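Novice: I have a structure here, written as structure tokens, and I will follow up with some questions on it.
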Amino acid sequence: QELEIGGSEFVVRMNELEQEIESSRSRRVELEDESLQIHLENQKLQTEITSQQKKLQSMEEEMKSLLIKLESLDNRRNSAMIDLERKLSSSVERKTDEMAEEHRKLLEDQFILLSRRIRVAEQLQVELKEWYRKTKEASKVPAKQVEDLLTSVDSVGLRFEECAANFLNRISKASCEMNFVREWAARRNRAAASVKEELDRVFAELDEKEAEILSFRERLWRSENKVRELEKASEEREDTVLGIMEEKREAIRQLCVWIDYHRARSDYYKKTLSEINTRR
22 QELEIGGSEF VVRMNELEQE IESSRSRRVE LEDESLQIHL ENQKLQTEIT SQQKKLQSME
82 EEMKSLLIKL ESLDNRRNSA MIDLERKLSS SVERKTDEMA EEHRKLLEDQ FILLSRRIRV
142 AEQLQVELKE WYRKTKEASK VPAKQVEDLL TSVDSVGLRF EECAANFLNR ISKASCEMNF
202 VREWAARRNR AAASVKEELD RVFAELDEKE AEILSFRERL WRSENKVREL EKASEEREDT
262 VLGIMEEKRE AIRQLCVWID YHRARSDYYK KTLSEINTRR
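Counting from 1, position 127 in the sequence shown corresponds to residue 148 in this note's numbering; the numbering is continuous, with no gaps.
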């Protein structure tokens, strides 16, 4: 009867041990599945981090290219500004002032000289006419002298007309030169306007590139933040995996201890049963 009781307890104990072993195996499978799932998620995170880093590198290269273009545009703008200031300040103003002053002085001198000649001619003509009138009234002047006098008067009139014509020619020439100066200044102004349009275009392009660079910087910052978040998540996953691996090793160690213990107990019960059977 004691043997039957001992055998029954042994069977119950063996069943309990088998259940515990099966439970440990199930726990081990669960840990392995969880470890595999975390490993897959970690690989996915690593792939996403690599992709984000490539995008980040591409954006950095594109930003460098934009900065180079921006620097080139800035140099072009500075060069255009320097060229415009040089042309407008040293060429247009100086040339215009010099030519205007030269023609002003020339016209003043010619006007003064011609005015004097006109006054002298007018005075001489008046005097000659008065003298001719008086001599004609007195009828004391010979005919030849009268003709000479008329010839002198005509000569003075011709000289007066020549002087007037020369004056008009000089005025016309000066007017043509002034028109040339005006046209030259107009061309310079058109050139300056063209340079200004080019500068405005460059400025607009600079503003556009600066806005584009700001947009890229914002995208770059967001990508960097996302990469940091992914790296942090990856580190947390790695810590979790390490914890699960440690827990799995501990469970396996405990399972081995249990198996060794119950194997020893099983051997003990088998030995006991064998001795009992031998005694019988």
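Positions of the beta carbon are idealized from the N, C-alpha and C atoms, including for glycine.
All values reported here derive from a predicted model rather than from experimental measurement.
Count the other CB atoms, across all protein chains shown, that sit within 10 Å of the CB of Leu251; report buried if there are 16 or more and exposed otherwise.
Specialist: Buried, since its Cβ has 16 or more Cβ neighbours within 10 Å.
Novice: Whole angstroms are fine: how far does the CA of Gln78 sit from the CA of Arg208?
Specialist: Cα to Cα, Arg208 sits roughly 50 Å from Gln78.
Novice: Figure out for me which residue from Asp130, Lys76, Phe201, Lys292 has the closest Cα to the Cα of Glu245.
Specialist: The option with the nearest alpha carbon to Glu245 is Lys76.
Novice: Use the C-beta contact count for Thr299: other C-beta atoms within 10 angstroms, 16 or more gives buried, fewer gives exposed.
Specialist: Classification of Thr299: exposed, given that the 10 Å Cβ count is below 16.
Novice: Relative to the C-alpha of Arg97, which candidate in Arg222, Glu43, Glu271 has its C-alpha closest?
Specialist: Per the Cα distances, Arg222.
Novice: Thinking Glu62 and Arg258 are a contact (beta carbons under 8 Å), I'd like their distance in whole angstroms, please.
Specialist: Between Arg258 and Glu62 the Cβ distance is about 6 Å, and since that is below 8 Å, they are a contact.
Novice: Note down, one range per segment and in chain order, each alpha helix (DSSP H) of at least 4 residues found wholly within the segment 250-280.
Specialist: Runs found: none.
Novice: Under the criterion of a Cβ to heavy atom distance below 7 Å, does Asn210 qualify as lining the ligand ZN?
Specialist: Although the ligand ZN was asked about, the structure shown includes no ligands whatsoever.
Novice: Apart from the five residues just before and just after Glu69, which ones in its own chain have a Cβ nearer than 7 Å to its Cβ?
Specialist: Excluding residues within five positions, the ones whose Cβ falls inside 7 Å are Leu251.
Novice: Please look up how many angstroms separate the CB atoms of Ala254 and Leu57, rounded, as I've assumed it's under 8 Å.
Specialist: Going by Cβ atoms, the distance from Ala254 to Leu57 rounds to 18 Å, so no, they are not a contact pair.
Novice: Is DSSP giving Val162 helix, strand or coil here?
Specialist: Low confidence applies to Val162: its pLDDT is 46, below 50, so where it sits in the model is not reliable, and the reading given next is rough at best. Reduced to three states, the DSSP call for Val162 is coil.
Novice: When the Cα atoms are used, what is the spatial distance from Glu271 to Lys291?
Specialist: Each residue's Cα considered, the two are about 30 Å apart.
Novice: Which same chain residues end up closer than 8 Å to Cys277 when comparing Cβ atoms and leaving out the 5 residues on each side of it in sequence?
Specialist: If we look at Cys277 and ignore the five residues flanking it on each side, it has no Cβ neighbours.
Novice: Assuming Lys247 and Gln74 form a contact by the criterion Cβ under 8 Å, report the distance between their Cβ atoms to the nearest whole angstrom.
Specialist: Not confirmed; about 10 Å, so no contact.
Novice: Could you check the C-alpha separation between Thr71 and Glu229 for me, to the nearest Å?
Specialist: Roughly 31 Å between the two C-alpha positions.
Novice: When you compare only the Cα positions, how much space is there between Glu219 and Arg240?
Specialist: Cα to Cα, Glu219 sits roughly 31 Å from Arg240.
Novice: Can you tell me whether DSSP reads Ile26 as helix, strand or coil?
Specialist: Note that Ile26 scores 48 on pLDDT, short of 50, meaning its location in the model is unreliable and no value can be drawn from it.
Novice: What residue from Arg46, Ser47, Glu83 has the CA that sits closest to Ser236's CA?
Specialist: Ranking Arg46, Ser47, Glu83 by Cα distance to Ser236 puts Glu83 first.
Novice: Among Trp279, Arg286, Gln64, whose alpha-carbon lies nearest the alpha-carbon of Glu44?
Specialist: Strictly speaking, residue 44 in this sequence is Ser, with Glu absent from that position. Taking only the C-alpha atoms, the option nearest Ser44 is Trp279.
Novice: Short of 8 Å in beta carbon distance, which residues of its chain neighbour Gln22, apart from the five on each side in sequence? Order them along the chain.
Specialist: Residue confidence for Gln22 is low, a pLDDT of 47 falling below 50, so the modelled location carries little weight; the figure read from the coordinates is stated next. Excluding sequence neighbours, Gln22 sits near nothing in its chain.
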